[in-house]
Amino acid sequence: MKNKVSCLVLLCVICLLTNCKQTKTVNKVSTTKKNDSVSRIINNHDFKLIIEDAKLDGSILIFDPKKSTFYSNDFQWARTSRPPASTFKIVNSIIGLETGLIKGEDFIFKWNGKYRVNPAWRKDLTFREAFQLSCVPCYQELAKEIGAERMKYYVSKIQYGNMKIDSTNIDTFWFEKGSYINQFQQIAFLERLYNSKLPISQENEMIVKKLILIEKGDDYVLYGKTGRTIVDKMHNGWFVGYMEKNNQLYYFATNINPSKEVYSGNFYSTIKKITIQALEKNHSY
Numbered sequence: 002m003k004n005k006v007s008c009l010v011l012l013c014v015i016c017l018l019t020n021c022k023q024t025k026t027v028n029k030v031s032t033t034k035k036n037d038s039v040s041r042i043i044n045n046h047d048f049k050l051i052i053e054d055a056k057l058d059g060s061i062l063i064f065d066p067k068k069s070t071f072y073s074n075d076f077q078w079a080r081t082s083r084p085p086a087s088t089f090k091i092v093n094s095i096i097g098l099e100t101g102l103i104k105g106e107d108f109i110f111k112w113n114g115k116y117r118v119n120p121a122w123r124k125d126l127t128f129r130e131a132f133q134l135s136c137v138p139c140y141q142e143l144a145k146e147i148g149a150e151r152m153k154y155y156v157s158k159i160q161y162g163n164m165k166i167d168s169t170n171i172d173t174f175w176f177e178k179g180s181y182i183n184q185f186q187q188i189a190f191l192e193r194l195y196n197s198k199l200p201i202s203q204e205n206e207m208i209v210k211k212l213i214l215i216e217k218g219d220d221y222v223l224y225g226k227t228g229r230t231i232v233d234k235m236h237n238g239w240f241v242g243y244m245e246k247n248n249q250l251y252y253f254a255t256n257i258n259p260s261k262e263v264y265s266g267n268f269y270s271t272i273k274k275i276t277i278q279a280l281e282k283n284h285s286y
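Position one of the sequence shown corresponds to residue 2 (my numbering), numbered consecutively onward.
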């Protein structure tokens, strides 16, 4: 009888081990500390394939606040800090509004008549046009008017990455080595904006939320900002934002090292395309 029981136990153990081997795990699950709470992080292999198919290197990071879960193909990349490039225009816009230098959503950036690289920048631009066209000279002039001390004060108050700001780089620091933010921090900033947790006026918050609107579909609304820069001869690009769909909310921060051809050619359409593909694969779009 004792031998029969032993054999039965052994058989059960073998069955359990066999079932475990047959279970296929596509995405690895672990946890990460997010403020005072713990969020899950899941490695999504589909994101890796999307980036590889586009012949890029980089990381797509998506956060589902309802599930308190981050999804990415490369969490090490997502934790690595890089210059924010033109994604900083969201913060620059906030500071311009808070200081009163930008007087509401009808504000006009006047063109001084000087040559600008992009022909679309060679005219007076509305606040929204300057943001959507990513008018670098417009925001450089704004940054100089804000000044280094006020800029440092507001960036610290808003808790946006780790920017190196002084009087010598006030109109370029967001493109340069020394000013850094990672993908998790980009999403944390967007969360605070969305949830009215930034120390800014409600009126200015609403203006900025309208400013970053990219497109509306039948059942979704997409918000965000792209940016790109070159550091140590390495091209780098961002697309950060959030999407509302069917009463659901998803934050994203994509960071890639594009080829020279992609960087100078169809960079913006490429980085948006791979981000939307990732949202679709993640059953979020």
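Backbone N, C-alpha and C define an ideal beta-carbon position, used for all residues, glycine too.
Exercise. Using the beta-carbon count (16 or more within 10 Å), is K158 buried or exposed?
Worked result: Label assigned to K158: exposed.
Exercise. To the nearest angstrom, how far is it from the Cα of D220 to the Cα of C136?
Worked result: Going from the Cα of D220 to the Cα of C136 covers about 30 Å.
Problem set entry | Minimum C-alpha distance to T100 - residue among S202, R123 and P138 | The closest CA to that of T100, considering only S202, R123 and P138, is found on S202.
Exercise. Between P85 and D47, what straight-line distance do the alpha-carbon atoms span, to the nearest angstrom?
Worked result: In a straight line, the C-alpha of P85 is about 26 Å away from that of D47.
For this session: Excluding the 5 residues preceding and the 5 following K198 in the sequence, name in chain order all residues of the same chain whose CB lies nearer than 6 Å to its CB.
Result: Excluding residues within five positions, none has a Cβ falling inside 6 Å.
Problem set entry | Separation of I61 from Y286, as counted between CA atoms | Because Y286 carries a pLDDT of 45, less than 50, the predicted location of this residue cannot be relied on, and no value is offered for it.
For this session: Indicate whether the contact test is met: 3 or more Cβ pairs, each with one atom in the segment 152-169 and one in the segment 111-121, closer than 8 Å.
Result: Because the criterion of three Cβ pairs below 8 Å is not met, the segment 152-169 and the segment 111-121 do not touch.
Exercise. For the putative contact between N237 and N267, defined by C-beta atoms under 8 Å, what is the C-beta separation to the nearest angstrom?
Worked result: Between N267 and N237 the Cβ distance is about 16 Å, and since that is not below 8 Å, they are no contact.
Exercise. Does the segment 167-177 come close enough to the segment 72-83 that 3 or more CB-CB pairs lie under 8 Å?
Worked result: Using a C-beta cut-off of 8 Å, the segment 72-83 makes no contact with the segment 167-177, since fewer than three inter-stretch Cβ pairs fall below that distance.
Exercise. What is the DSSP secondary structure of E146, reduced to helix, strand or coil?
Worked result: The answer is helix: DSSP assigns E146 an H, G or I state.
Exercise. The alpha helix (DSSP H) with I51 in it runs from where to where?
Worked result: I51 -> alpha helix (DSSP H) spans H46 to D54.
Problem set entry | Secondary structure, alpha helix (DSSP H): runs of 4+ residues fully inside the segment 114-161 | Fully enclosed alpha helix (DSSP H) runs of no fewer than 4 residues occupy 128-133, 137-147 and 149-159 of the segment 114-161, in order along the chain.
Problem set entry | For S270, the three-state DSSP class (helix, strand or coil) | Of the three classes helix, strand and coil, the one that applies to S270 here is helix, per DSSP.
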